[in-house]
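Notes for the one structure printed next.
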Amino acid sequence: MRQATITTGEHPLSTRSESAPAEAPGSGRLPRRLVQLYAGLALYGASSALLVEAGLGLEPWGVLHQGLAELTGLTIGVVSIIVGAAVLLLWIPLRQRPGLGTVSNVFVVGLAMDGTLALIPDVRSLALRIPLLAAGVALNGVATGLYISASFGPGPRDGLMTGLHRRTGRSVRLVRTVLEVAVVATGFALGGTVGAGTVLYAVAIGPLAQLFLKVFAARPAPPRSAVVAPGQPERAILPG
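In this note's numbering, the protein residues as written are 70 to 309.
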């Protein structure tokens with residue numbers, strides 16, 4: 070029985086069988102998965118907005134989005150949507166197939182980011198910015214667990230990573246590192262914020278994602294049920 074590895078691009082999170090039976094119609098899991106998908110994407114955008122407002126360093130793609138926003142005058146959420154759509158086009162030569170979560174990721178995260186930034190007042194005190202950074206990283210972990218557990222497909226940026234991995238034969242870790250170094254360097258050159266928050270995010274997001282994937286994973290199906298078998302979502306990776 071072939072096993073599918075679930076990875077953040079840094080290390081495997083879990084494995085599950087690819088031969089699990091399909092979800093039965095009317096099982097009640099689809100509504101729950103849709104709620105998890107859109108709640109996770111909205112919270113992901115909100116968490117990114119908290120990191121922006123903290124001003125102590127963003128996640129790698131956030132650095133690029135902020136740099137492009139500085140260059141173009143567009144909001145960071147709109148830039149996130151444009152970059153996500155552009156990256157999705159790169160899936161075509163890589164023969165990647167998007168899911169509902171992939172397409173939704175492009176729009177929902179950016180809209181939620183701009184909406185949250187519009188609601189949060191400017192924070193200038195370091196005593197407030199540090200807790201805001203911590204809250205943003207923690208909320209991102211919660212959002213990651215919700216979104217990946219919904220099993221509707223990876224985000225466009227992570228799909229680009231896995232597609233390049235398959236086409237080049239290079240390790241996922243190497244491909245991810247090269248991509249993220251490139252986007253951070255480009256974003257920083259354009260005015261994106263790199264700092265302690267960038268390092269904290271890189272160190273904390275893996276363990277947080279692991280924790281919340283377990284929290285939001287589907288419960289085991291009853292014996293002889295057609296519901297999907299327990300375990301983490303197949304081939305899931307951190308949303309991009």
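Glycine included, each C-beta is placed from N, C-alpha and C at the ideal position. Please read these numbers as outputs of a predicted model, since none were measured by experiment.
For residue i, count neighbouring C-beta atoms within 10 Å of its own C-beta (all shown protein chains included) and say buried if the count is 16 or more, exposed if not.
i: residue 193; result: exposed
i: residue 245; result: buried
i: residue 191; result: exposed
i: residue 171; result: buried
i: residue 175; result: buried
i: residue 252; result: buried
i: residue 241; result: buried
i: residue 267; result: buried
i: residue 153; result: buried
Determine whether the beta carbon atoms of residue i and residue j lie at a separation below 8 Å.
i: residue 145; j: residue 182; result: yes
i: residue 136; j: residue 257; result: yes
i: residue 223; j: residue 157; result: no
i: residue 201; j: residue 122; result: yes
i: residue 263; j: residue 148; result: no
i: residue 110; j: residue 178; result: yes
i: residue 180; j: residue 114; result: yes
i: residue 128; j: residue 260; result: no
i: residue 217; j: residue 280; result: no
i: residue 243; j: residue 160; result: no
i: residue 118; j: residue 185; result: yes
i: residue 206; j: residue 112; result: no
i: residue 165; j: residue 285; result: no
Just tell me which of the options has its CA closest to the CA of residue i.
i: residue 120; options: 149, 172, 199; result: 199
i: residue 274; options: 232, 236, 238, 213; result: 213
i: residue 208; options: 173, 278, 197, 262; result: 278
i: residue 103; options: 241, 153, 220; result: 220
i: residue 215; options: 142, 107, 100, 99; result: 107
i: residue 163; options: 232, 130, 143, 237; result: 232
i: residue 124; options: 195, 173, 153; result: 195
i: residue 272; options: 227, 255, 235, 203; result: 203
i: residue 255; options: 100, 116, 134; result: 134
i: residue 167; options: 197, 189, 227; result: 227
i: residue 116; options: 189, 239, 234; result: 189
Extract the residue ranges of the alpha helix (DSSP H) inside the stretch 143-231, only unbroken runs of 4 or more that lie entirely within it.
145-158, 160-163, 169-188, 195-218
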